[in-house]
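Protein chains in written order, with this note's numbering: chain A, 164 to 285; chain B, 73 to 401.
Below is one structure; the comments refer to it alone.
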Amino acid sequence: MIGSHYVYWLTFALMMIGLYVVISHGNLIKKLIGLSLFQVAVFLFYISLGKVDGGTAPIITEGTQTYSHPLPHVLILTAIVVGVATLAVGLALVVRLFESYGSLEEDEILRRDTTDRDGVAS
Amino acid sequence: MTAFVLVNISLFAILGATALAITRMRALYEATMLTALFSLVTGSLFVLLDAVDVAFTEAAVGVGISTVLLLGVLSLTRSREAVTPRRRRLPAALVVLFAGGALGYAAQDLPPFGSATTPVRDHPVTETYLVQSQQDMGIPNTVTSVLASYRGLDTLGELVVVFTAGVTVLLLLGPLTRRNHPVKKDLVLADYRVLRVVSGVLMPFILLFALYVLFHGDYGAGGGFQAGVIFASGFVLYGLVFGLDRVQQVLPQAVLWVLIPLGLLLFMGLGVATVLLGGSFLDYDTLRPDDTAAGQRLGILLVETAIGLTVATVMTSVFFSFTGRGASR
């Protein structure tokens, strides 16, 4: 059991570290970094499902019979590029938030929001 | 086999240590550099898991572009994180323990790692991708044929997402939202002779390499996504060293704005063309009815070019938006 499933459990451990950063940290950039850690761990999990013992990269050559499955590779390859595009959107939002609030901490931004609504100058 | 397991576990150990260091670190510059290291080690793991195309992309994107973007944002904002209060840590740890436990429990039902008889392998589509593709289009790299032909519609969807993200960043940070602050002279790295000469010499080779990756994607690792990112990184390097004004003389913003939708339109237009020729959407057989394999290869090449065009221009314009913000603040 442990010998045959260790890769999955290791990817889950990495995923959970990323999730922990996203939930616990208040800094928005740190949250985005945690999100990309989580995302990379998911990619590793997908790719590990396509791996075959004794297989090679799915580029057809003479004299090779076993190839790892190309479909997870295709899905993840595009997902990586989409991931950096969405990271860019997140970072752009962070920049605009910083320009409006002068802070990157979630607590501070929420506090400024609530005090402004009550009409109290912050 | 045991060597494989050992290398795997040690790479995972490096990843785990890096991730833990990132969580504990309050200096965000350092955390960003560790994130780049994390991506690089992941790239090595992808190679071990036979995913050379994915490793290529991760190395180009995770280590290159996303690090530059994070550093750019840190230079615009604040690079020190506040202390995480204890009251936030405990609930997060509970959620993580619960979710991780559930995942680990569910993983018992997964097929053993590396097994040849998983549901993924046994599906009939495996035969199509690995054997039938050699008659259909004769392209050795099956990742390319699946990406651009068998699952072309999927890839079109992904490209639409990249396009939308690029437009969103332009709307959030682009010239339309720019404040009219006096432009401050930023530090230009071109004052350092070594950087100036080396990046000037490297520039043509980076662009040439991107074209090689684009057109060689049929035979080895590579393709439109990787080529686009590498092409953009050439302009990012030029912009970092010589400043935004110089790189925009080479590549004006107006040109970029025309090129961003052009790749997507080329992709969609090819789909419409195949419908008009009597096939289904993105069925490249209709491009050359006398020699369908040649038609497939033509279609794949056009699609990869379209992907490369949109990805390269989106990444470059995102970089321009972030650095342009810096110059105007």
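The beta carbon of each residue, even a glycine, is placed where N, CA and C say it ideally should be.
Being a predicted model, the structure only gives us computed values, none of them experimental.
In whole angstroms, what is the alpha-carbon distance linking residue i and residue j?
{"i": "I239(A)", "j": "F303(B)", "result": "20 Å"}
{"i": "V133(B)", "j": "I243(A)", "result": "7 Å"}
{"i": "R223(B)", "j": "L286(B)", "result": "18 Å"}
{"i": "S187(A)", "j": "A179(B)", "result": "26 Å"}
{"i": "V126(B)", "j": "G350(B)", "result": "35 Å"}
{"i": "G308(A)", "j": "V347(B)", "result": "With chain A represented from 164 up to 285, any question about residue 308(A) goes unanswered, as that position is not in the structure."}
{"i": "V145(B)", "j": "T358(B)", "result": "47 Å"}
{"i": "L267(A)", "j": "S393(B)", "result": "20 Å"}
{"i": "G166(A)", "j": "V319(B)", "result": "53 Å"}
{"i": "F353(B)", "j": "T385(B)", "result": "26 Å"}
{"i": "L338(B)", "j": "G229(B)", "result": "14 Å"}
{"i": "F281(B)", "j": "G272(B)", "result": "15 Å"}
{"i": "L112(B)", "j": "L316(B)", "result": "28 Å"}
{"i": "V255(B)", "j": "R397(B)", "result": "Legend: pLDDT at V255(B) = 49, less than 50; position of this residue unreliable, value from coordinates given subsequently. C-alpha separation (whole angstroms): 10 Å."}
{"i": "V313(B)", "j": "R268(B)", "result": "7 Å"}
{"i": "V170(A)", "j": "L120(B)", "result": "12 Å"}
{"i": "W172(A)", "j": "R158(B)", "result": "28 Å"}
{"i": "A171(B)", "j": "M179(A)", "result": "8 Å"}
{"i": "P196(B)", "j": "A89(B)", "result": "40 Å"}
{"i": "P333(B)", "j": "L244(B)", "result": "18 Å"}
{"i": "I192(A)", "j": "Y264(B)", "result": "31 Å"}
{"i": "S138(B)", "j": "G289(B)", "result": "23 Å"}
{"i": "W329(B)", "j": "E153(B)", "result": "36 Å"}
{"i": "T156(B)", "j": "A345(B)", "result": "56 Å"}
{"i": "V135(B)", "j": "A204(A)", "result": "15 Å"}
{"i": "L143(B)", "j": "T189(B)", "result": "45 Å"}
{"i": "Q325(B)", "j": "A176(A)", "result": "43 Å"}
{"i": "V168(B)", "j": "V245(A)", "result": "26 Å"}
{"i": "A85(B)", "j": "G176(B)", "result": "18 Å"}
{"i": "E199(B)", "j": "S221(B)", "result": "16 Å"}
{"i": "F110(B)", "j": "M387(B)", "result": "21 Å"}
{"i": "T224(A)", "j": "A164(B)", "result": "48 Å"}
{"i": "V185(A)", "j": "R160(B)", "result": "11 Å"}
{"i": "I222(A)", "j": "D362(B)", "result": "27 Å"}
Is residue i helix, strand or coil when you go by DSSP?
{"i": "E271(A)", "result": "helix"}
{"i": "Y183(A)", "result": "helix"}
{"i": "T229(A)", "result": "coil"}
{"i": "I222(A)", "result": "strand"}
{"i": "D276(A)", "result": "helix"}
{"i": "T249(A)", "result": "helix"}
{"i": "W172(A)", "result": "helix"}
I want to see whether chain E comes within less than 9 Å of residue i, judged by CB atoms only; does it?
{"i": "T240(B)", "result": "In the displayed structure, chain E is absent; the protein chains listed are A and B."}
Any residues in the segment 197 to 214 of chain A with a beta carbon nearer than 8 Å to a beta carbon of chain B? Which ones, in chain order? For the segment 197 to 214 of chain A, the set of positions with a beta-carbon nearer than 8 Å to some beta-carbon of chain B reads G197, S199, L200, V203, F206, L207, I210, S211, L212, G213, K214 in chain order.
If we require 4 or more residues per run, which alpha helix (DSSP H) segments fall completely within the segment 93 to 123 of chain B? The qualifying runs are 100 to 120.
Mind checking the segment 328 to 342 of chain B against chain A and listing, in chain order, the residues whose C-beta falls within less than 7 Å of any C-beta there? So the list is empty, because no residue satisfies the distance condition.
Looking at chain A, which residues of the segment 84 to 111 of chain B have a Cβ within less than 8 Å of any of its Cβ atoms? Listed in sequence order: F84, L87, G88, A91, L92, I94, T95, L100, A103, T104, T107, F110, S111.
Residue ranges of each alpha helix (DSSP H) within the segment 146 to 217 of chain B, 4 or longer: The qualifying runs are 158 to 178, 191 to 194, 205 to 208, 214 to 217.
Can you list, in chain order, the stretches of the alpha helix (DSSP H) that have 4 or more residues and sit fully within the segment 252 to 317 of chain B? For the segment 252 to 317 of chain B, whole alpha helix (DSSP H) runs of length 4 or above, ordered along the chain, are 265 to 288, 296 to 314.
Against chain B, which members of the segment 237 to 258 of chain A pass a CB distance test of less than 9 Å? Those residues of the segment 237 to 258 of chain A that come within reach of chain B (Cβ to Cβ, closer than 9 Å) are V237, L238, I239, L240, T241, A242, I243, V244, V245, G246, V247, A248, T249, L250, A251, V252, L254, A255, L256, V257, V258.
Check whether the segment 204 to 218 of chain B and the segment 292 to 306 of chain B touch, using three or more Cβ-Cβ pairs below 8 Å as the test. Under the three-pair Cβ rule at 8 Å, the segment 204 to 218 of chain B counts as touching the segment 292 to 306 of chain B.
Taking Cβ-Cβ distances below 7 Å as the criterion, which residues of the segment 198 to 229 of chain B are in contact with chain A? Taking a C-beta cut-off of 7 Å against chain A, the contacting residues of the segment 198 to 229 of chain B are T198, Y201, L202, Q206, P212, N213, T214, V215, V218, L219, R223, T227, listed in chain order.
Would you be able to state if there are at least three C-beta pairs under 8 Å between the segment 363 to 371 of chain B and the segment 199 to 209 of chain B? A contact between stretches requires three or more CB pairs, one per stretch, nearer than 8 Å, and the segment 199 to 209 of chain B meets this requirement with the segment 363 to 371 of chain B.
Can you list, in chain order, the residues of the segment 306 to 318 of chain B whose Cβ is nearer than 7 Å to any Cβ on chain A? Along the segment 306 to 318 of chain B, none of the residues has a CB nearer than 7 Å to a CB of chain A.
Residues of the segment 135 to 148 of chain B whose Cβ lies closer than 9 Å to any Cβ of chain A, in chain order: Cβ contacts with chain A come from I137, S138, L141, L142, G144, V145, L146, L148.
If we count Cβ pairs, one from each stretch, closer than 8 Å, do we get three or more for the segment 205 to 214 of chain A versus the segment 270 to 277 of chain A? Short answer: they don't touch.
Going along the segment 355 to 385 of chain B in order, which residues come within less than 8 Å of chain A, judged by CB to CB distance? Result list: V383.
Give the residues from the segment 110 to 133 of chain B that approach chain A closer than 8 Å (Cβ to any Cβ), ordered along the chain. From the segment 110 to 133 of chain B, only F110, S111, T114, L117, F118, L121, D122, A123, V124, D125, V126, T129, E130, V133 have a Cβ closer than 8 Å to chain A.
Could you list the residues in the segment 264 to 276 of chain A with a C-beta less than 7 Å from some C-beta on chain B, going in chain order? Residues are counted here when their Cβ sits less than 7 Å from a Cβ of chain B; for the segment 264 to 276 of chain A these are L267, E268, given in chain order.
Using Cβ-Cβ distances below 7 Å, what residues of the segment 182 to 195 of chain A are close to chain B? Of all residues in the segment 182 to 195 of chain A, L182, Y183, V184, I186, S187, H188, G189, N190, I192, K193 have a Cβ within less than 7 Å of some Cβ in chain B.
Positions along the segment 185 to 196 of chain B whose CB lies within less than 8 Å of some CB in chain A: Close to chain A, meaning a Cβ-Cβ distance shorter than 8 Å, are the following residues of the segment 185 to 196 of chain B: F185, G186, S187, A188, T190, V192, R193.
Could you run through the segment 265 to 281 of chain B and flag, in chain order, every residue whose CB is less than 7 Å away from some CB of chain A? For the segment 265 to 281 of chain B, which is checked against every Cβ of chain A, not one residue is closer than 7 Å.
Under 9 Å, CB to CB, which of the residues in the segment 280 to 301 of chain B have a partner in chain A? Residues of the segment 280 to 301 of chain B with a Cβ closer than 9 Å to any Cβ of chain A, in chain order: Y291, G292, A293, G295, F297, Q298, G300, V301.
Chain-ordered residues of the segment 166 to 183 of chain B with a beta carbon less than 9 Å from chain A: Among the residues of the segment 166 to 183 of chain B, those with a Cβ less than 9 Å away from any Cβ of chain A are V167, V168, L169, A171, G172, L175, G176, A179, Q180, L182, P183, in the order of the chain.
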